[in-house]
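What follows is one structure encoded as structure tokens, with my remarks underneath.
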Amino acid sequence: MSSGIFVQGENCWRIEQASRTAVIIDAADYFRAARDAMLQAREQILLVGWDVDPRILLDPDLAEEAGGDEPPNCLAQFIPWLVRRRPDLRINLLIWNMGFLKMLTRGLSIFTILHWRMTRNVSIRFDSSHPIGATHHQKILVIDDSVALCGGIDMTEDRWDTPEHLDGDPRRRRPNGNPYMPWHDTAGMIEGPAAAALGDLARDRWKRATGQHLPVPTPHGGIWPDRVEPLFRDRPIAIARTHPKSENAAEVREIEQLYVDLIAAAKRFIYADNQYFASRRVAEAIARRLTERHPPEIVIVNPISADGWLQEAAMGSARAELFFALAEIDRDDHFQIYTPVTAGRKPIYVHSKLMIVDDRILRVGSSNMNNRSMGLDSECDIALEGTDAEAPDPVIRGLRETLMAEHLGVSPEAVRDAFDRTGSLIATVECLTGTAKSLVPFEPDQWSDATLALGASGLLDPESVDERFEPLSSRGLFRGFLRRGTRQLFDTIREKRRARRERNRGRWRRKFRKLWDAARMHGD
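Residue numbering for the sequence shown follows the working numbering, starting at 12 and increasing by one per position.
Structure follows, in structure tokens:
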């Protein structure tokens, strides 16, 4: 039974059936699944992404180069090996045009790209068919219109990690040997007509970028990797997009509308993993819910800071502004941002773009909760409902428990028990918080007035092509429902929230002592 939350032409592009659907958590499993699926390709592989680094290993646990008939482990050799093995196969890679500049800093990667371009049946293009300041941010892999992956993971450096996010994991190294921080990500995997729809989207993107039409392959079975356990079978999938306005195309803001509609539809809670929290429209939709008499709980898992000082100046300061604006409205602490840390209390970077509503609705894709993802960058998300639109779906609930357990360093069963006892997403987190791998309440930095003004202006995070050229007085985060505060107000709100959290935590400790003690034992 459908609730009718997905409406074609409003908050999604198409709704198509998927014979199988899964969510892959973290890039270690994603790279393996992508490799296994590509090995079964017959006619066409379409890889559409923000970045590709040919130097990466698809599985760091294997030898760098396999012998005999075994596929190479390094992407640079895997691609030409695959087309030699399957003479009828065509591989098309479409990368954001800034990726070409990245290649120049990656040792011999530029020569690998030239080798790919000279390889029969391999075509790589760098997409510049977007407005100035926009990025091609979709991350889609389609194999023979039969199986597709869509999410936040690119086949590039700094992405590979396991759900354990181990401190000092020797496998978590860039191709140049330098280590990088723990990295959390997610992607959806679908089979059937919904995968073919993503094939249509990827071919349309290729046509926009190159002017060339790609043939439509013949779908077939046998591609779904044995290692990937499907969460759902025979389920309608909604596909939502963002596409900026250009000379040849109208603006598409389906993703923005889907965020607003899902926030409005929440009855009990919203759980989200996301790289950013800087979208004016998303914050305003949350604010409207927080003013209700019985608002839903909203928990967002963010990284402690953005990847790069400029992104942090823009996105981090905007997050601080929006956080305090919502905290002023949130009288009963129904809204909280957490950041994950490892067992050694080091930050885990959250690159995932996933949302779960009431354990009834699941959404995963490439879009961030920032302004760019709503109208400037190209994005693609997929979403589905549970079997009963009015009741939690046990499979979606199990996925949420798995994600929360990964972040908290406990078992999914512990998450389920805590939620059943407390009836609260925030209380569950607070009861299971330990001193090792866990979630930490987000505390905004003490930003300077100038940096806060930069984030509030939206100068580096515009909502659309047109807003890039609007005067600062008519743009930014605060235009209506939310109001901008002062640093003095922020300090007052911060102290009030800290005091309330300590009171609530003490109450939960006393009421659920066994849960709290188990969490402390786990952390110690």
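No residue lacks a Cβ here, since even glycine has one placed at the ideal position from N, Cα and C.
- Between the alpha carbons of Q268 and E21 lies a gap of roughly 7 Å.
- Taking a C-beta distance under 7 Å as the contact criterion, D196 and H362 qualify as a contact pair.
- Around A438, the same chain offers W519 as residues with beta carbons nearer than 7 Å, after the five sequence neighbours per side are excluded.
- Contact check for V263 and A206: beta-carbon distance about 21 Å, past the 8 Å limit, so the pair fails to qualify.
- Within the segment 249-288, the complete beta strand (DSSP E) segments of 3 residues or longer fall at 280-284, listed in chain order.
- DSSP lists V451 as the beta-bridge partner residues of T350.
- Buried is the label assigned to A251, since at least 16 other Cβ atoms lie within 10 Å of its Cβ.
- For D40, the three-state secondary structure derived from DSSP is helix.
- Here Q88 carries a helix assignment [DSSP, helix/strand/coil].
- Across the structure, Q51 and R31 are spaced so that their CA atoms are roughly 17 Å apart.
- Sequence-distant Cβ neighbours of V153 in its own chain, meaning closer than 6 Å and more than five residues away, are L57, A159, L209, G210 and A213.
- For L125 and R136, the gap between their C-alpha atoms comes out near 11 Å.
- Your pair H147 and W92 does not check out as a contact, with CB atoms roughly 27 Å apart and the cut at 8 Å.
- Buried is the label assigned to K448, since at least 16 other Cβ atoms lie within 10 Å of its Cβ.
- Separation of the CB atoms of G199 and I393 is rounded to 5 Å, and the pair is thereby assigned contact status at 8 Å.
- Take F280, set aside five residues on each side of it, and the residues of its chain with a beta-carbon closer than 6 Å to its own are P307, E308 and L436, in chain order.
- Assignment of F523 by DSSP, reduced to helix, strand and coil, places it in the coil class.
- Burial state of P83 is buried, judged by a 10 Å Cβ sphere holding 16 or more other Cβ atoms.
- When DSSP states are grouped into helix, strand and coil, I367 belongs to the strand group.
- With a cutoff of 7 Å on beta-carbon distance, N285 and M415 are scored as not near each other.
- Note that the C-beta distance between A33 and V239 is below 7 Å.
- Here V158 carries a strand assignment [DSSP, helix/strand/coil].
- Taken in chain order, the complete alpha helix (DSSP H) segments of 4 or more residues contained in the segment 161-235 are 204-221.
- In this structure, DSSP gives Q322 a helical state, which the three-state scheme calls helix.
- Judged by DSSP secondary structure, L395 falls outside any alpha helix (DSSP H) and instead within the beta strand (DSSP E) spanning E390 to E396.
- Remark: fewer than three beta-carbon pairs, one from each stretch, lie closer than 8 Å, so the segment 291-303 and the segment 352-371 are not flagged as touching.
- Straight across, the Cα-Cα distance linking A44 with I35 is about 9 Å.
- Of the other Cβ atoms in all chains shown, 16 or more fall within 10 Å of the Cβ of D169; this residue is therefore buried.
- L58 sits in a strand when the DSSP states are folded into three classes.
- In this chain, the alpha helix (DSSP H) harbouring F335 covers S328 to I340.
- In this structure, DSSP gives T503 a helical state, which the three-state scheme calls helix.
- For V406, there is no enclosing beta strand (DSSP E); the residue is found in the alpha helix (DSSP H) stretching over P405 to L419.
- Restricting attention to I151, T167, R95 and R117, the CA atom closest to the CA of N132 is found in R95.
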